[in-house]
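Below: the structure, in structure tokens.
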Amino acid sequence: MLIRILICVAAVTGMMATPALAQDGYWPDRYVNVYDYLSGAGETPPELSPDGRLLAQMQYRGVDSPGGELVIRDLDSPGQPEISRTDLTGYDVVYMVWANAQRLLVTIRTNGFVQAGGQRVDVPVIRTVSFDPWDTSRPVVLFQNEGRRVFRNVNNAFWSAVVDILPGDDAHVLMPAYRDRNLDLWRVNVFTGDAELVERGTERTAYWFTNTNGQAAMRVDLSTDRRRVHVFTRAPDSRRWRRSASYLTNELVEAAPEFDFAGHGGAPGEIIIFGRPEGSDKVGLYRFDLAEGEYGAPLAIEDRVDISRTIVDGRSRRLLGYVRSDGANEVVILDPALDAHYQRIVTRFDEDLTIVPRGFRGDRMMLHASSPREAGALYFYEAASDEITHVYSVSPNLHESDLNDVDVVSYSSRDGMALQAYLTIPRQGLGSNTPLVVLPHGGPEARDLYGYDMVAQYFASNGYAVLQPNFRGSAGYGRAFAEAGYGEWGGRMQQDIDDAIAAVIAAGQVDGGRVCIAGFSYGGYAALMGGAQRPDFYDCVFAGAPVTNLISFVEYWQENNEAAAEYWERAIGHPRRDRARLEAASPVNLADQFTMPVLIAHGIRDGIVPFEQSQEMAGELNSAGVVVDFAIYDRAGHQFSRSADMSSVLRSAVQLFDRTIGPDRG
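See the structure below:
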């Protein structure tokens, strides 16, 4: 999603550190190893060459060790050893892409230095290296000819990308790179590494997209405060950029895209847009006329839900299909020829898996498979032999037997709104003796989807049913549904969570006398509000990086970012005009209502929800005589991104559940 890309571009995450409380390894895992859930494969997915003959794949010595060996295999000679094996130990491989059948581009992150203000600055450095797959001993580093203004530019030290493979030009690709402070677009020779400027950006440019002719057709800029997105489009061979969309973005909002590139159209003057035209409720797929700056008729739009994601061929940038998530997931393939292959392929997989094609390469196709019990796997399909081969697992330490099934729960709110939730089933199954953890999502303009959820699966593997409601205010069900949550923090949004709990208790799926509520960010707020509003119902509360004081939270954004404050004033309320309502809906003012133990975790370097929000809450709970643990993580940001931090947080939460509703209760 474009919003997520822009957030990564807009802010450089701070360094992470060990927590001040609940040190890693303080207690053992009861049933499962938390690192099996946190440790992914540490690698980019394998990539097929354009002709489908060669497969490039990283082989890692350990999931927590950077680098490994780049292995390239000739699939036309399956009995033969690899054609090349290259040691990349010590390098983080960010991604790989084939420029053509003779050149593989590998983007790596390593330690290095850049020149900034005449000073040598040691920083993580990203470089894209071009390999001859048959002889990897002489790699070519891209942009070397550009010297200090580009190659050693501090702005290029943190990310790199390929905008267009240029399928009709085997010698070049298009890549963005900063020259001084402007993100320009460059044509780069993959054989020599030399780069040539083709489009000038600005200090605010964040990304580029092209048309079928390989010309820049769409440019994404961030406002000066980096909280508003401006999207510009341009007709073929024109020099004039037209602003086609402008919208707010914010780190806590994973809202559906308003105007996102979804592939090349049928002609250079047309692209496909994944978004929501003005006046439309649902996110759909549309043709977009670059010359007129106008939407065409929708290619696809759903009645009940937003389209969840698009399926775009990474090489041709052609739209292949999309995924709709109304309860479970459904893949829709738009190309009839590809759909014929796809329908034959999916019958070979378990029906619970979501199978997403990644486009043909010769007579082979890569397939991505995921489900609640599959964190993610890649297969390739060979049409000639009609064979499917597994090549990669996102979480190699996790097996299907380690994970848990998920039920879709359809229920109605007390005012008659149709809602959905997901219930992860622990290994002992559901029933009147099954303890329940309620896990509202963050955002709140995000949503839970049917599939693998690391936190829910870890809790369920420790013996707890996990309920994840998509309450009003969530994304994914249209603009009206999301805006139905505006002004309802602690109100109808909270009631929707309560109604989901009532539905699974009434169905006899869980023990209504053993319930905890947990969450991160907005989910942490909802957990605390649940504890304050229903003190006789919940047995414990866990809140990670929660909003606790609505007035000071909105005021924080008013002081630091006017554009972000505009969103929060609409979503939460105005600190002056709505003061009484916000005070009543702030957990920090309700500390004396808590009767259950509370665990709060927060990183000092959180730039989204200020650390002081949790500090104030913990102080009020302590003054009210509530049993409260406050876990402080010295260098963590909002996401607890470092595995040592998140493992400590998750283990702390499970220990709390065990004491209150689990095997150690009483």
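Here the working numbering is used: the first residue of the sequence shown is 29, the next is one more, and so on.
Think of the CB as a built atom: it goes at the ideal place given N, C-alpha and C, for glycine as much as any other residue.
The structure displayed is predicted, hence computed values, not measured ones.
- Secondary structure of residue 550 (DSSP, three-state): helix.
- Using a 10 angstroms sphere on the CB of residue 500, the tally of other CB atoms reaches 16 or more, which defines it as buried.
- CA-CA distance, residue 116 to residue 410, rounds to 29 Å.
- Nearest Cα to residue 681 within the set 462, 648, 643, 568: 568.
- Residue 570 sits close to residue 627, with the two beta carbons spaced by under 8 Å.
- If you ignore the 5 residues before and after residue 166, its C-beta comes within less than 8 Å of the C-beta of 160, all in its own chain and listed in chain order.
- Residue 588 sits in a helix when the DSSP states are folded into three classes.
- A buried status is given to residue 158, since no fewer than 16 other beta-carbon atoms sit within 10 Å of its beta-carbon.
- When the beta-carbon positions are compared, residue 528 and residue 467 stay at least 8 Å from each other.
- Per the C-alpha coordinates, the member of 182, 183, 188, 691 positioned closest to residue 169 is 188.
- Assigned with DSSP and collapsed to three states, residue 694 falls in coil, not helix or strand.
- When C-alpha distances from residue 196 are compared across 214, 127, 236, the shortest belongs to 127.
- Residue pairing from DSSP places residue 394 in a beta bridge opposite 408.
- Within the same chain, 313 come within 6 Å of residue 327 by CB-CB distance, once the 5 residues on both sides are set aside.
- Contact check for residue 675 against residue 275 fails: the beta carbons are separated by 8 Å or more.
- For the 8 Å CB-CB criterion, residue 352 and residue 336 form a contact.
- Apart from sequence neighbours up to five positions away, the residues of its chain that approach residue 164 with a beta-carbon distance below 6 Å are 112, 114, ordered along the chain.
- Scanning the region 451-533 for uninterrupted alpha helix (DSSP H) segments of 4 residues or longer gives 482-489, 507-511, listed from N- to C-terminal end.
- When the beta-carbon positions are compared, residue 208 and residue 177 come within less than 8 Å of each other.
- Across the structure, residue 322 and residue 246 are spaced so that their CA atoms are roughly 14 Å apart.
- The three-state secondary structure of residue 429, taken from DSSP, is helix.
- Given a length threshold of 3 residues, each whole run of the beta strand (DSSP E) inside the region 194-244 is given here in chain order: 200-207, 210-217, 223-227, 233-238.
- Note that the C-beta distance between residue 518 and residue 482 is not below 8 Å.
- By the criterion of at least three beta-carbon pairs nearer than 8 Å, the region 369-379 is not in contact with the region 541-548.
- Closest in C-alpha terms to residue 266, from the list 636, 320, 302, 555, comes 320.
- Taking a C-beta distance under 8 Å as the contact criterion, residue 574 and residue 601 do not qualify as a contact pair.
- In the structure shown, the three-state DSSP call for residue 617 is helix.
- Remark: C-beta atoms of residue 432 and residue 454 approach each other more closely than 8 Å.
- Taking 8 Å as the cut-off, the beta carbon of residue 359 is found closer than this to the beta carbon of residue 349.
- Assignment of beta-bridge partners to residue 124 by DSSP yields 134.
- Contiguous beta strand (DSSP E) elements confined to the region 157-190 occur at 163-169, taking only those with 3 or more residues.
- As the crow flies, the alpha-carbon of residue 494 is around 12 Å from that of residue 469.
- Separation of residue 256 and residue 249 (C-alpha to C-alpha, rounded to the nearest whole angstrom) is 9 Å.
- DSSP places residue 303 inside the beta strand (DSSP E), whose first and last residues are 298-303.
- Ranked by how close their Cα comes to the Cα of residue 419, the residues 80, 61, 85, 60 have 85 in first place.
- At a Cβ-Cβ threshold of 8 Å, residue 390 and residue 598 do not count as neighbours.
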